[in-house]
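Here this note's numbering = 1-based position in the sequence shown + 235.
We treat Cβ as the ideally placed atom computed from N, Cα and C, and that holds for glycine.
Beneath this line is the structure, given in structure tokens, with notes to follow.
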Amino acid sequence: MLEPRRLQPAADQVPDNFGANLFRADPGFDALLGLYLPEDLHAHLRPHLDRLGAMAGGRYDALAAEADRNPPTLSHRTRTGKDLQRIDKHPSFVELERAAYSEYGLAALSHRGGVLGWADPMPPAAKYALTYLFVQAEFGLCCPVSMTDSLTRTLRKFGDPDLVARHLPALTSLDFDALSQGAMFMTEQGAGSDVGATATRAWQDADGQWHLEGDKWFCSNPDAGLAMVLARPEGAVEGTRGLTLFLLPRLLEDGTPNHYRILRLKDKLGTRSMASGEIRLEGAIAWPVGDLGRGFLQMTDMINNSRLSNGVRAAGLMRRSLTESLFIAGNREAFGRRLIELPLMQRQLAKIMVWTEQARSVVFQTAEALRRADAGDEESRRLLRILTPLLKFRACRDARKVTGDAMEVRGGCGYIEEWSDARLVRDAHLGSIWEGTSNIVALDVIRSIRREDSLSALQRLMERQLGEAALPAALEQRFRQAIERVSALATAATEKGADALARQAASGLYHLFSATTMASEARRAEDAGRRLLLAQMVLRHRVLPRDPLAPAADEMPWLPKLLSEAPIPLAEIPTLL
236 MLEPRRLQPA
246 ADQVPDNFGA
256 NLFRADPGFD
266 ALLGLYLPED
276 LHAHLRPHLD
286 RLGAMAGGRY
296 DALAAEADRN
306 PPTLSHRTRT
316 GKDLQRIDKH
326 PSFVELERAA
336 YSEYGLAALS
346 HRGGVLGWAD
356 PMPPAAKYAL
366 TYLFVQAEFG
376 LCCPVSMTDS
386 LTRTLRKFGD
396 PDLVARHLPA
406 LTSLDFDALS
416 QGAMFMTEQG
426 AGSDVGATAT
436 RAWQDADGQW
446 HLEGDKWFCS
456 NPDAGLAMVL
466 ARPEGAVEGT
476 RGLTLFLLPR
486 LLEDGTPNHY
496 RILRLKDKLG
506 TRSMASGEIR
516 LEGAIAWPVG
526 DLGRGFLQMT
536 DMINNSRLSN
546 GVRAAGLMRR
556 SLTESLFIAG
566 NREAFGRRLI
576 ELPLMQRQLA
586 KIMVWTEQAR
596 SVVFQTAEAL
606 RRADAGDEES
616 RRLLRILTPL
626 LKFRACRDAR
636 KVTGDAMEVR
646 GGCGYIEEWS
656 DARLVRDAHL
666 GSIWEGTSNI
676 VALDVIRSIR
686 REDSLSALQR
696 LMERQLGEAA
706 LPAALEQRFR
716 QAIERVSALA
726 TAATEKGADA
736 LARQAASGLY
746 HLFSATTMAS
756 EARRAEDAGR
766 RLLLAQMVLR
776 HRVLPRDPLA
786 PAADEMPWLP
796 KLLSEAPIPL
806 AEIPTLL
């Protein structure tokens with residue numbers, strides 16, 4: 236008589252990565268940071284990144300899940316009938332806020348010293364390295380954090396010195412109870428992406444004080460202490476040239492609420508933890524930021540900084556998805572083998588990895604361009620002008636695919652709200668919408684080429700990267716041919732009536748630039764072989780023309796090494812192209 240088969244405990248059958256250190260689970264991250272951070276700052280941040288990685292994979296992840304299940308609520312009156320609007324946030328979200336703003340200073344560290352024990356303001360790469368880890372636990376909160384950082388940057392850049400001095404201390408405070416968070420109220424129901432159709436009006440009273448009147452349709456972090464608002468002063472011309480940027484306080488100097496109301500909170504697909512609402516301005520007091528009629532250009536500066544942060548968040552979502560997928564595939568068995576040993580799973584995981592690594596490399600290249608541009612380098616300013624929309628356009632779209640594929644790796648459990656996958660999928664879809672939809676951002680790539688000759692700056696950077704990469708002659712030639720073809724497509728997209736080429740050109744530029752970046756990193760990174768292999772895979776699958784029915788069997792022997800995330804010697808990598 237056959238003995239009954241003894242089933243494994245359920246805990247052994249369903250791998251659970253909760254509690255993992257997300258910094259240590261990503262071995263290539265620390266090595267890559269060595270290329271983009273000063274050595275002393277890198278060494279100083281490593282223990283902070285390690286602690287954040289542990290929190291993101293454990294405590295913060297649990298808080299994020301709880302906050303996602305308990306979205307904020309809006310109360311219009313007190314229980315005694317007094318009109319006093321209040322947004323109540325779940326305690327889990329508030330704990331995450333304290334961590335982001337106070338403990339790690341994510342909104343302040345680019346503007347002041349003293350964050351995490353570092354005496355000076357940190358470069359963008361440091362801020363985005365920390366954000367990249369934090370967002371792997373909580374995506375929604377990183378929107379208010381980014382807006383606070385971006386508002387501070389725009390205010391410092393364009394605001395009257397007295398206005399800056401009055402509000403900068405609260406915007407950069409590490410004391411959570413003294414902090415003023417930031418927001419951006421721009422979208423209107425009748426305007427959307429057509430900012431020139433903004434209807435909110437501004438006027439001055441007899442004392443010269445400015446007031447705002449109108450409705451703003453989508454306002455994330457609507458109870459922020461300060462918000463940047465676009466409005467049209469009375470008598471100003473139509474279109475974007477008539478707009479002015481205003482700083483709107485939540486409370487007036489006497490502590491009473493300013494003259495605007497939160498009409499309702501949005502019931503959103505994702506970012507449920509973070510409040511987004513509709514605002515009605517009813518003669519609200521505000522102060523102009525910079526010159527009248529220059530508001531669109533000034534707001535664009537804030538939006539571009541938010542777009543870069545958006546790309547960082549998309550990259551972080553992809554990395555969390557990859558980390559989870561590799562863990563599941565390495566620890567779950569089917570048909571007598573681990574999933575990671577199955578050829579089709581290897582290909583699926585490799586695709587997820589390629590998209591993830593592309594985004595990460597472009598993030599840090601863009602962060603470096605931002606650092607140099609802020610220091611006054613004109614070439615870097617032009618680079619930043621094209622890299623920011625490229626990252627926002629492509630990485631945010633790839634995040635939707637990556638999070639969906641990662642859900643599939645987990646299987647049926649991935650569709651259950653107890654796991655992180657559903658939240659990642661929902662949150663990823665917002666990246667392609669806020670701060671400009673994919674079409675708008677692709678057109679902005681072409682606009683940067685047409686108006687600021689940013690393509691030539693990008694071409695020069697890719698040429699320098701190829702020089703640093705020191706590739707075999709045949710492989711280098713394939714790269715140079717790709718640069719020529721993609722550049723020709725991008726140039727054609729700038730011609731009158733060629734807007735239909737914008738998305739194709741933007742995708743080509745993003746893929747090619749990410750490939751040349753990884754090829755360049757391969758000469759400097761500890762994990763040189765993996766980065767060169769990834770660069771070739773991007774070029775083969777996302778740039779160069781190829782027969783879709785032709786087998787790519789030559790890649791298969793390398794996939795187990797690629798997916799192990801262990802360093803691969805550069806000399807071992809063949810020329811696949």
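- Item | Residues near residue 444 in its chain [Cβ-Cβ closer than 8 Å; skip 5 each side] | Result list for residue 444: 520, in chain order.
- Helix, strand or coil at residue 707 [DSSP, three-state]: The three-state reading of DSSP puts residue 707 in coil, since its state is none of H, G, I, E or B.
- Message: Can you tell me whether residue 323 is helix, strand or coil according to DSSP?
- Response: The DSSP-derived three-state label of residue 323 is strand.
- Ignoring anything shorter than 4 residues or poking outside the stretch 679–731, list the alpha helix (DSSP H) runs there in chain order. Whole alpha helix (DSSP H) segments, 4+ residues: 689–704, 708–728.
- Query: What is the rounded straight-line gap between the Cα of residue 391 and the Cα of residue 400?
  - Reply: Distance between the alpha carbons of residue 391 and residue 400 is about 9 Å.
- Measure the CB-CB distance between residue 422 and residue 467 and report whether it falls below 8 Å. No, Cβ-Cβ distance for residue 422 and residue 467 is not below 8 Å.
- Message: Going by DSSP, what residue range makes up the alpha helix (DSSP H) through residue 628?
- Response: Counted as a single uninterrupted DSSP element, the alpha helix (DSSP H) harbouring residue 628 occupies residues 613–645.
- Measure the C-alpha to C-alpha separation of residue 810 and residue 756 and round it to an integer number of angstroms. Between residue 810 and residue 756, the C-alpha separation is close to 17 Å.
- Beta-carbon proximity of residue 774 to residue 714, cut-off 8 Å: Contact check for residue 774 against residue 714 passes: the beta carbons are separated by less than 8 Å.
- Roughly how many whole angstroms lie between the Cα atoms of residue 370 and residue 441? Taking C-alpha positions only, residue 370 is separated from residue 441 by approximately 47 Å.
- With distances taken from CA atoms, which of 716, 374, 643 is nearest residue 587? Closest option to residue 587, Cα to Cα, is 643.
- Straight-line CA distance for residue 288 to residue 302? Distance between the alpha carbons of residue 288 and residue 302 is about 19 Å.
- Could you tell me which uninterrupted beta strand (DSSP E) segments, each at least 3 residues in length, are contained entirely in the stretch 383–451, listed from first to last along the chain? Within the stretch 383–451, the runs of beta strand (DSSP E) at least 3 residues long that lie entirely inside it are, in chain order, 417–420, 436–439.
- Quick one: any contact between the stretch 551–560 and the stretch 467–487, if contact means 3 or more CB pairs under 8 Å? Because the criterion of three Cβ pairs below 8 Å is not met, the stretch 551–560 and the stretch 467–487 do not touch.
- Message: Going by DSSP, what residue range makes up the alpha helix (DSSP H) through residue 464?
- Response: Looking at the DSSP string, residue 464 is not in any alpha helix (DSSP H); the run it does join, the beta strand (DSSP E), is 461–468.
- Message: Pop quiz: residue 534 and residue 465 are said to be a contact at Cβ under 8 Å. What is the actual Cβ separation, rounded to whole angstroms?
- Response: With 8 Å as the limit, residue 534 and residue 465 qualify as a contact, their Cβ atoms being about 6 Å apart.
- Does the stretch 653–670 touch the stretch 692–707, meaning 3 or more C-beta pairs lie closer than 8 Å? Look at the beta carbons and you see the stretch 692–707 not touching the stretch 653–670: under three pairs across the two are nearer than 8 Å.
- Can you check DSSP and say which residues form a bridge with residue 453? DSSP lists 422 as the bridge partner or partners of residue 453.
- Message: Here's the rule I'm using: 16 or more other beta-carbon atoms within 10 Å means buried, otherwise exposed. How should residue 340 be labelled?
- Response: By the 10 Å Cβ count, residue 340 comes out buried.
- Message: Which residue wins for smallest C-alpha separation from residue 458, given the options 273, 310, 403, 749?
- Response: Looking at 273, 310, 403, 749, the one whose alpha-carbon comes closest to that of residue 458 is 310.
- Message: With three or more C-beta pairs closer than 8 Å as the rule, is the stretch 380–387 touching the stretch 540–547?
- Response: Contact between the stretch 540–547 and the stretch 380–387 is present, because at least three Cβ pairs lie under 8 Å.
- Between the C-alpha atoms of residue 784 and residue 510, what's the straight-line distance to the nearest angstrom? Whole-angstrom Cα-Cα distance: 47 Å.
- Message: Which complete alpha helix (DSSP H) runs does the stretch 294–368 hold, if anything under 4 residues is left out?
- Response: For the stretch 294–368, whole alpha helix (DSSP H) runs of length 4 or above, ordered along the chain, are 294–304, 326–332.
- Query: So residue 514 is in the beta strand (DSSP E); what residue range does that whole segment cover?
  - Reply: For residue 514, the enclosing beta strand (DSSP E) begins and ends at 511–523.
- Spatial neighbours of residue 620 in its chain, beta-carbon cut-off 7 Å, leaving aside the 5 residues before and after: Excluding residues within five positions, the ones whose Cβ falls inside 7 Å are 683, 687, 689.
- Message: So, for residue 728: in the same chain, excluding its five sequence neighbours on each side, which residues have a beta-carbon less than 6 Å away from its beta-carbon?
- Response: Cβ neighbours of residue 728 beyond the five flanking positions: 681, 736, 737, 740.
- Task: Reducing DSSP to helix, strand and coil, say where residue 812 ends up.
- Result: Shown here, residue 812 sits in coil according to DSSP, grouped into three states, outside any helix or strand.
- Any contact of the stretch 596–609 with the stretch 358–365, i.e. 3+ C-beta pairs under 8 Å? Counting C-beta pairs closer than 8 Å gives three or more between the stretch 596–609 and the stretch 358–365, which meets the contact rule.
- Which of helix, strand or coil DSSP assigns to residue 578: DSSP places residue 578 in helix when its eight states are reduced to three.
- Message: Just to confirm my understanding: we take residue 251, look at its own chain, exclude 5 residues before and 5 after, and list those with CB closer than 7 Å. What are they?
- Response: Cβ contact annotation for residue 251 (same chain, cutoff 7 Å, sequence separation greater than five): none.
- Task: Could you check what DSSP says for residue 651 in three-state terms: helix, strand or coil?
- Result: Of the three classes helix, strand and coil, the one that applies to residue 651 here is coil, per DSSP.
- Endpoints, alpha helix (DSSP H) assigned at residue 794: Segment 794–799, the alpha helix (DSSP H) holding residue 794.
- Task: For residue 260, collect the residues of the same chain with a Cβ closer than 6 Å to its Cβ; drop the 5 residues on either side in sequence, then sort them by chain order.
- Result: Only 558 meet the Cβ criterion.
- Message: Quick check on residue 587: does DSSP put it in helix, strand or coil?
- Response: If DSSP states are grouped into helix, strand and coil, residue 587 belongs with the helices.
- Query: Does residue 651 get closer than 8 Å to chain B when you measure Cβ to Cβ?
  - Reply: Given the protein chain composition of this structure (a single chain), no chain B is represented.
- Just to confirm, are residue 478 and residue 364 a CB contact at a threshold of 8 Å? Going by beta carbons, residue 478 and residue 364 fall outside the 8 Å limit.
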